[in-house]
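**Q** When we follow my numbering, the leftmost residue of the sequence shown carries the number 763, and every step to the right adds one.
We treat Cβ as the ideally placed atom computed from N, Cα and C, and that holds for glycine.
Just dropping this structure here.
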Amino acid sequence: MASWLPTLKTETPEEGYDLAIKLSRVAVKLTQPDAEVRDRLRPTYAEDPDALIAVSQVVATHFATIAAANEYWRDTQDKG
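Following this line, the structure appears as structure tokens:
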């Protein structure tokens, strides 16, 4: 069975950020597997500034982890 997350390595920071968002979405789906419940709750948090800030913090944490795994996308010649 193939893993949905075979690696944290990405070619670019933008791809890393996209992966950070995916990690956040997967965490929500695993925490609340009922799509109907997620759909019902979405309008509540979609207009809650504190919830939106919390989402940004989670994505930022995932992105920091991915950036570290990618050595902050340094070129090999910059590693000195």
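Could you tell me whether the stretch 825 to 836 touches the stretch 777 to 796, using the rule of 3 or more Cβ pairs below 8 angstroms?
**A** They touch, by the three-pair rule.
**Q** Starting from residue 768, follow the alpha helix (DSSP H) in both directions and report where the run begins and ends.
**A** Segment: none, residue 768 is in no alpha helix (DSSP H) and carries neither H nor E.
**Q** Tell me whether the stretch 813 to 825 and the stretch 784 to 800 touch, counting them as touching only if at least three CB pairs, one residue from each stretch, are closer than 8 angstroms.
**A** The stretch 813 to 825 is in contact with the stretch 784 to 800.
**Q** Work out the CA separation of residue 837 and residue 799 for me, nearest whole Å.
**A** If you take the alpha carbons of residue 799 and residue 837, they lie about 44 angstroms apart.
**Q** In chain order, what residues of the same chain lie with their CB nearer than 7 angstroms to the CB of residue 778, ignoring the 5 residues before and after it?
**A** 772, 825, 828, 829, 832, listed in sequence order.
**Q** Go through its chain and collect everything with a Cβ distance to residue 807's Cβ below 6 angstroms, but skip five positions before and after it.
**A** Here the set comprises 813.
**Q** In whole angstroms, give me the CA-to-CA distance for residue 801 and residue 809.
**A** One C-alpha to the other measures close to 14 angstroms.
**Q** Would DSSP call residue 835 helix, strand or coil?
**A** Reduced to three states, the DSSP call for residue 835 is helix.
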